[in-house]
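Residue numbers (my numbering): 12 to 173. Where is the CB? At the ideal position from N, CA and C, for every residue including glycine. Note that the structure is a prediction, hence the values are computed from the model and not measured. Heads up, the thing below is written out as structure tokens.
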């Protein structure tokens with residue numbers, strides 16, 4: 012809904028700017044200060060944002076810059092090639108936590124999927140319970156040669172068969 016959309020917007024803005032206060036988020040988005048405050052508190056409670064040191068201004072309460080929590084939500088990425096797969100586990104700011112390259116012979120997609128699934132399961136097993144609970148979906152990229160071969164009913168026997 013609208014709240015989820017505003018949360019995504021706030022996260023995107025903080026990711027772009029590095030850190031923003033609740034007042035700055037309200038100003039940039041046009042949201043009320045109260046709405047921005049509710050959104051930021053919710054994202055902080057979920058562990059997606061972390062508060063920085065308060066910055067004293069000339070008037071009023073100190074401003075608290077918020078930034079993305081690298082441990083907020085891990086993501087998995089998988090790139091399938093004809094002869095190898097690259098798998099990466101990244102933190103919420105894009106830092107690589109673990110990366111593997113798996114080599115295989117030209118085989119069928121079932122075998123490639125099994126090899127990748129096993130490696131992904133091993134990576135997931137090393138996450139804390141909090142990280143595991145926030146693990147988002149896996150992003151998958153596939154080499155165009157594989158798509159062409161599979162689309163033409165030729166399996167993944169290598170570029171010479173495509």
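If you draw a straight line from the C-alpha of residue i to the C-alpha of residue j, how long is it?
i	j	result
residue 77	residue 36	10 Å
residue 54	residue 80	10 Å
residue 71	residue 61	22 Å
residue 65	residue 148	34 Å
residue 21	residue 152	28 Å
residue 23	residue 102	15 Å
residue 25	residue 40	12 Å
residue 106	residue 82	10 Å
residue 139	residue 150	21 Å
residue 100	residue 132	11 Å
residue 19	residue 38	16 Å
residue 13	residue 56	19 Å
residue 135	residue 104	18 Å
residue 17	residue 28	16 Å
residue 122	residue 160	16 Å
residue 155	residue 162	10 Å
residue 42	residue 67	23 Å
If the criterion is Cβ atoms closer than 9 Å, does the pair residue i and residue j meet it?
i	j	result
residue 97	residue 87	no
residue 145	residue 58	yes
residue 94	residue 115	yes
residue 30	residue 85	no
residue 34	residue 74	yes
residue 127	residue 91	yes
Start and end of the alpha helix (DSSP H) containing residue i?
i	result
residue 159	155 to 162
residue 137	Neither: residue 137 is in no alpha helix (DSSP H) and is coded neither H nor E.
query = Taking three-plus beta-carbon pairs below 8 Å as touching, is the segment 46 to 56 in contact with the segment 94 to 113?
reply = no
inquiry  = In chain order, what are the residue ranges of uninterrupted beta strand (DSSP E) at least 3 long that sit wholly in the segment 87 to 115?
reply    = 95 to 101, 107 to 114
request  = Counting only runs of 4+ residues fully inside the segment 26 to 100, write out the alpha helix (DSSP H) ranges in chain order.
outcome  = 33 to 40, 44 to 56
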